[in-house]
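**Student:**
Number of protein chains: 2
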Amino acid sequence: MSTDTDATLRAASFPKTSPGTLSDDGDALSFCTTCAFSNACISHGLDKDQLNELHVLVEHIGPFHAGEHIFRDGDAFDAIAAVRSGSVKTYVLDRDGNEHVLGFHLPGELIGLNAIDGDHYPCNAVALDTVSLCRFSFPKISILAAKLPGLQRQLFRLLSRDIGKAALMAGDWTAEQRIAAFLVGMSRRLSERGYSPTRFQLSMARTDIANYLRLAPETVSRALRKFQEEGVLHVDRRNLEILDLTKLETLANPILRT
Amino acid sequence: MSTDTDATLRAASFPKTSPGTLSDDGDALSFCTTCAFSNACISHGLDKDQLNELHVLVEHIGPFHAGEHIFRDGDAFDAIAAVRSGSVKTYVLDRDGNEHVLGFHLPGELIGLNAIDGDHYPCNAVALDTVSLCRFSFPKISILAAKLPGLQRQLFRLLSRDIGKAALMAGDWTAEQRIAAFLVGMSRRLSERGYSPTRFQLSMARTDIANYLRLAPETVSRALRKFQEEGVLHVDRRNLEILDLTKLETLANPILRT
DNA sequence: CGGGCATTTGACATTTCTCAAAGGCAGTGG
DNA sequence: CCACTGCCTTTGAGAAATGTCAAATGCCCG
Chain A
1 MSTDTDATLR
11 AASFPKTSPG
21 TLSDDGDALS
31 FCTTCAFSNA
41 CISHGLDKDQ
51 LNELHVLVEH
61 IGPFHAGEHI
71 FRDGDAFDAI
81 AAVRSGSVKT
91 YVLDRDGNEH
101 VLGFHLPGEL
111 IGLNAIDGDH
121 YPCNAVALDT
131 VSLCRFSFPK
141 ISILAAKLPG
151 LQRQLFRLLS
161 RDIGKAALMA
171 GDWTAEQRIA
181 AFLVGMSRRL
191 SERGYSPTRF
201 QLSMARTDIA
211 NYLRLAPETV
221 SRALRKFQEE
231 GVLHVDRRNL
241 EILDLTKLET
251 LANPILRT
Chain B
1 MSTDTDATLR
11 AASFPKTSPG
21 TLSDDGDALS
31 FCTTCAFSNA
41 CISHGLDKDQ
51 LNELHVLVEH
61 IGPFHAGEHI
71 FRDGDAFDAI
81 AAVRSGSVKT
91 YVLDRDGNEH
101 VLGFHLPGEL
111 IGLNAIDGDH
121 YPCNAVALDT
131 VSLCRFSFPK
141 ISILAAKLPG
151 LQRQLFRLLS
161 RDIGKAALMA
171 GDWTAEQRIA
181 AFLVGMSRRL
191 SERGYSPTRF
201 QLSMARTDIA
211 NYLRLAPETV
221 SRALRKFQEE
231 GVLHVDRRNL
241 EILDLTKLET
251 LANPILRT
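Protein sequence lines, in the order shown, are assigned to chains A and B.
For the first sequence, counting from 1, position 75 maps to 75 in the UniProt record's numbering; every step adds exactly one.
For the second sequence, counting from 1, position 39 maps to 39 in the UniProt record's numbering; every step adds exactly one.
#1: Report the neighbours of residue 111 of chain A on chain B: residues whose CB is nearer than 9 angstroms to its CB, in chain order.
#2: In its own chain, which residues sit with a C-beta less than 7 angstroms from the C-beta of residue 115 of chain A, not counting the 5 before and 5 after it?
#3: Would you list, in chain order, the members of the region 148-169 of chain A that have their beta-carbon closer than 8 angstroms to a beta-carbon of chain B?
#4: What residue range does the alpha helix (DSSP H) around residue 254 of chain B cover?
#5: Tell me, to the nearest whole angstrom, how far the beta carbon of residue 56 of chain A is from that of residue 135 of chain A; I am working on the premise that it is less than 8 angstroms.
#6: Name the residue from A:154, A:253, A:100 whose alpha carbon lies nearest to the alpha carbon of residue 173 of chain B.
#7: For residue 238 of chain A, name the three-state secondary structure that DSSP assigns.
#8: Extract the residue ranges of the alpha helix (DSSP H) inside the UniProt domain "Cyclic nucleotide-binding" (42-116) of chain A, only unbroken runs of 4 or more that lie entirely within it.
#9: Which first and last residues belong to the alpha helix (DSSP H) in which residue 144 of chain A is found?
#10: Does the Cβ-Cβ distance between residue 111 of chain A and residue 130 of chain A come in under 8 angstroms?
#11: Strictly by DSSP, which residues pair up with residue 124 of chain A?
#12: For residue 253 of chain B, go through chain A and note every residue whose CB falls closer than 7 angstroms to its CB, in chain order.
#13: Between residue 208 of chain B and chain A, is any beta-carbon pair separated by less than 8 angstroms?
#14: If you compare alpha carbons, which of B:152, B:65, B:186 is closest to residue 126 of chain B?
#15: Cα-Cα, which of B:102, B:118, B:108 is closest to residue 188 of chain B?
#16: For the beta strand (DSSP E) holding residue 206 of chain B, just list the boundary residues, first then last.
#17: If you check the beta carbons only, do residue 235 of chain B and residue 248 of chain B fall under 8 angstroms apart?
#18: Would you call residue 242 of chain A buried or exposed, if buried means 16 or more other Cβ atoms sit within 10 Å of its Cβ?
#19: Output the boundary residues of the alpha helix (DSSP H) element that contains residue 189 of chain A.
#20: If the cut is a Cβ gap below 8 angstroms, which residues of chain B does residue 142 of chain A touch?
#21: What's the call for residue 191 of chain A, buried or exposed, on a 16-neighbour Cβ count within 10 Å?
#22: Look at the alpha carbon of residue 199 of chain A and the alpha carbon of residue 171 of chain A, and state the distance between them as a whole number of angstroms.
#23: Anything in chain B within Cβ reach of residue 114 of chain A, meaning under 8 angstroms, just list it in chain order.
#24: Report the rounded CA-to-CA distance for residue 81 of chain B versus residue 94 of chain B, giving the unit in angstroms.
#25: Check whether the Cβ atoms of residue 79 of chain B and residue 137 of chain B lie closer than 8 angstroms to each other.
#26: Taking Cβ-Cβ distances shorter than 7 angstroms, what residues in chain A pair up with residue 100 of chain B?
#27: For residue 196 of chain A, which residues from the same chain have a beta carbon less than 8 angstroms from its beta carbon, with the 5 sequence-adjacent residues on both sides left out?
#28: Around the C-beta of residue 218 of chain B, are 16 or more other C-beta atoms found within 10 angstroms, so that it is buried, or is it exposed?
#29: What would DSSP say about residue 159 of chain A, mapped onto helix, strand or coil?
#30: Any beta-carbon of chain B closer than 8 angstroms to the one on residue 81 of chain A?
#31: Whole-angstrom Cβ separation of residue 163 of chain B and residue 163 of chain A, contact assumed at under 8 angstroms?
#32: Quick one, which of B:178, B:237, B:205 has its alpha-carbon nearest residue 256 of chain B's?
#33: Within 10 angstroms of its Cβ, does residue 68 of chain B collect 16 or more other Cβ (buried), or is it exposed?
#34: Hey, residue 133 of chain A and residue 84 of chain A are a contact pair by Cβ (cut 8 angstroms); roughly how many whole angstroms apart?
#35: Would residue 154 of chain A and residue 152 of chain B qualify as a contact pair, given that the criterion is a beta-carbon distance under 8 angstroms?
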């Protein structure tokens, strides 16, 4: 279960902030360079004027600090958000109180897509480190989407993509395959954002990785050690260096289907 | 791996059929009573005229016979479809040729939603028994969705819902919990369509159930026998009678989160 | 009636989990 | 600056669930 260092921030944070936050960093368009959603919209038929219409819907919110919740299971839904910086974990608690990690969200990725069906978020979202977000009011973006076919299409695509992604980890794979797929996935997602595909720092605890992959933390630990012994990986606490990406990709192949 | 009793039907079937098929059964609106999608649209703000605009996009296709493919991994995507009758299995083959069942689709449910992101279907869809479908051209329905906020919203909701559903089975649950959740799910989905929640016939083989739940067929068999010995279930080949739905729901509780 | 599958059973193998404990890094307070 | 405390992580040994393999059974359909 996640700790919440300052629960009082929660109510004040995700719900609307003052309009001023939009230009807090002095450049309302700056998120374009860090927000894959916005970028994708450009490449899917939105021109500059249309993109501006999208921009006025955006609120920059945060920062959230590690352990702070962005939203909680049951909170009223009215916005999706793109991660600008930091990383976010989404999870649910089952009725026995057990945590189930649904995913990790890196810069450029959207959170809250699974809330569109319903009036409430169906999961919790917590910051793993210092997190800034772009908030998109969903009612407003829906109205805009009706006017801008490119935006509508992009939203459909993003939703559709997540359906496929969720099925990814669902197969019955060995612990090593799962972990390889996780590492390859992190590598690819980070490199898309301009980070090194081979050297990076994990923002989540081993227990979170294990929970996400449906393994015991001990199994994750042992597999990482084995990868290190085989020269595939260099592990130093949360700092990773992938020494043989090809080997990991081969292991992860059947999962990633790429 | 699925057999395809008549591969030649494939190319001719899912792609457009003659417009005449819309009224083949003499009642262009008849699918409303069997298609949850259409029903949901009504209850989400579409009036009769708007629904008619939706109807002209619809083509009734089929029937497909057991083993026939509705579409295949890699086929060009341009339509989603609602199951009118029968049931459909979706699956992928990994590069080692192993089948992975993604889901089963009963009357009223949509297939092809995970294809919207991309120009090709990312999986195969095969009829498990005799199947009729309503085909919705996706480009056309997108255009209509831009005009009808209720339809757009409904599409967003359906996509979002599938993201959540995919995460459902992803947890690490015991064989009994998985099978209980599967049975409860079937029961609920069938009763939504007006069938008995306690007596029904499975349209899929044990191996498909096992594959879907990521269990060995033997494990499914043993679990069903155990349920029968406990008086929870009566099993006769593919005919099931649920004797103690409450017990199954209790087992499935943490998975279904209901 | 016979062939081909799907399903069930039993015995056994193996992966992964569980439990218990030690090690190590980080932040706190003296 | 150092010791302390707490949490995350790693290790090891044993247990349990599930998978694998092989074979028998029974159903469906030609």
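Glycine residues also receive a C-beta, built at the ideal position from the N, C-alpha and C atoms.
**Tutor:** Let's see:
#1: Within chain B, no residue comes near residue 111 of chain A; the closest Cβ sits about 12 angstroms away, beyond 9 angstroms.
#2: 77, 121, 122
#3: 149, 152, 153, 155, 156, 157, 158, 159, 160, 161, 162, 163, 164, 166, 167, 169
#4: 245-256
#5: About 13 angstroms; that fails the 8 angstroms criterion.
#6: A:100
#7: coil
#8: 48-55
#9: 138-147
#10: no
#11: A:91
#12: 95
#13: no
#14: B:65
#15: B:108
#16: That residue, residue 206 of chain B, is in no beta strand (DSSP E); its alpha helix (DSSP H) goes 206-213.
#17: no
#18: buried
#19: 175-192
#20: 149, 152, 153, 156
#21: exposed
#22: 28 angstroms
#23: 160, 163, 164, 167
#24: 24 angstroms
#25: yes
#26: 171
#27: 190
#28: exposed
#29: helix
#30: no
#31: 5 angstroms
#32: B:178
#33: buried
#34: 6 angstroms
#35: no
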